[in-house]
Amino acid sequence: MSKTNFNGFSSSVSLWTFIFILTVVSWTLVQGQPQVIGSSQPIIAAPGYDVILPCHLEPAIDVQGFTVEWSKPDLKPDPSDRLSRVEYVHLYRDRREVPDMKIPSYIRRTALFTDDMKHGNISLKIMNVTSEDEGRYKCFIPKLRSPVKFSIVRLVVDPNFMKTSTTETPLNPWTPDPKDTMEDHQTKPFIWILPVVVLLCVAAVGIAGYFIIIRQRKKPDDVESDVTLKKMLPA
């Protein structure tokens, strides 16, 4: 192997080694970030009972100092009223509940498990459930440093549902609606965004580096060809 080819091979190996290390480091950093995770299955409750909408951070971190928002994403402010604002099912800020921005029908009916928030538990308890409570709920931590800051949990209020245990969170089997499954998975692809972007950038650098190496490898051959051609031509 000529010196030129050996240098080109070494440069190529070094480049792809750098690409591999960068990819692994980026993926490790993303995987280590906390993610908001809610129930992928609808939570079922009977009217008049209390229910818990499960949501937590994984890996667990202390979120007592974070703002936690529980809202109903399908409720939109009145477009004809410029002063209207999005209200919350439950808003936790500055280590306490903020009732001023709460949907009136949920006043004195919701609570977080504040003692467990230091372990990443941001589940919401809704008391005395009614049929009006049925729907999708969004659990959101705005200032969480993570690609996955929210999750969607669906509550189904079924008058025929009978409790089969003493827990407040019935987890009976339920076939989720395809739309709900899609919404739940929409929170997870964010975790792939950073690695994909990094991989695309690294691939671009790798391709550019490859062509640079090829071009540098060809230059000595071109010079040698020119010298040989000149020797063959009559003076």
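Mapped onto mature numbering (1 follows the signal peptide of the UniProt record, and there is no 0), the consecutive letters of the sequence shown carry residue numbers -32 to -1, 1 to 203. Each residue gets a CB set at the ideal place from its N, CA and C atoms; glycine is no exception.
May I ask you to report which of helix, strand or coil DSSP gives residue i?
i    : result
E65  : strand
A79  : strand
E100 : helix
K40  : coil
Y17  : coil
I175 : helix
D7   : One point to set straight first is that residue 7 is Ser, not Asp, in the sequence displayed. Coil, per DSSP.
K93  : strand
K106 : strand
L112 : coil
K86  : helix
I71  : coil
I180 : helix
T134 : Confidence is the limiting factor: at T134 the pLDDT is only 39, short of 50, which leaves the residue's position unreliable, though a coordinate-based value still follows. Three-state DSSP puts T134 in coil, outside helix and strand.
Determine the burial state of residue i: buried for a count of at least 16 other Cβ atoms within 10 Å of its Cβ, exposed for fewer.
i    : result
T98  : exposed
G6   : buried
F118 : buried
F81  : exposed
S91  : buried
P10  : buried
L43  : exposed
A172 : exposed
P141 : Below a pLDDT of 50, predicted positions are generally treated as unreliable, and P141, at 35, falls in that range; the measurement from the model is reported next regardless. So P141 counts as exposed.
I109 : buried
I175 : exposed
I180 : exposed
L21  : buried
L139 : At L139 the pLDDT is 40, less than 50, meaning the model places this residue with poor confidence; the figure from the coordinates comes in the next sentence. Its Cβ having fewer than 16 others within 10 Å, L139 is exposed.
L168 : exposed
Report all residues from its chain with a CB closer than 7 Å to the CB of residue i; omit the five preceding and five following residues, and keep chain order.
i    : result
R77  : I94, M95, N96
K156 : Below a pLDDT of 50, predicted positions are generally treated as unreliable, and K156, at 46, falls in that range; no measurement from the model is reported.
K86  : D30, Q32
R63  : Q32, G33
P15  : V97, T98, S99, V125, P127
T143 : Legend: pLDDT at T143 = 35, less than 50; position of this residue unreliable, value from coordinates given subsequently. If we look at T143 and ignore the five residues flanking it on each side, it has no Cβ neighbours.
S114 : Q1, P2, Q3
E55  : M69, K70, I71
P47  : none
A79  : K93
P67  : I75
Excluding sequence positions up to five away, which residues of its chain have a Cβ less than 8 Å from the Cβ of residue i?
i   : result
R53 : P45, M69
P27 : G(-1), P2, G88
K40 : V57, I71, G103, R104, Y105, K106
D18 : K93, I94, M95, N96, V97, E136
D83 : none
Strictly by DSSP, which residues pair up with residue i?
i    : result
R53  : In the DSSP output, where bridge partners are listed per residue, R53 has none listed.
L59  : E37
F118 : F108
L123 : I11, G103
L25  : V4
Let me check understanding here. Comparing Cα to Cα, which of the options lies closest to residue i?
i     : options                : result
G(-1) : S8, A14, L25, D18      : L25
V36   : P15, C23, A14, P127    : C23
E102  : F108, V121, R113, L112 : V121
K111  : L123, R61, L21         : R61
I75   : I175, E65, R113        : E65
Keeping to the same chain, check which residues put their C-beta closer than 6 Å to that of residue i; ignore five residues upstream and five downstream.
i    : result
F129 : I12, A14
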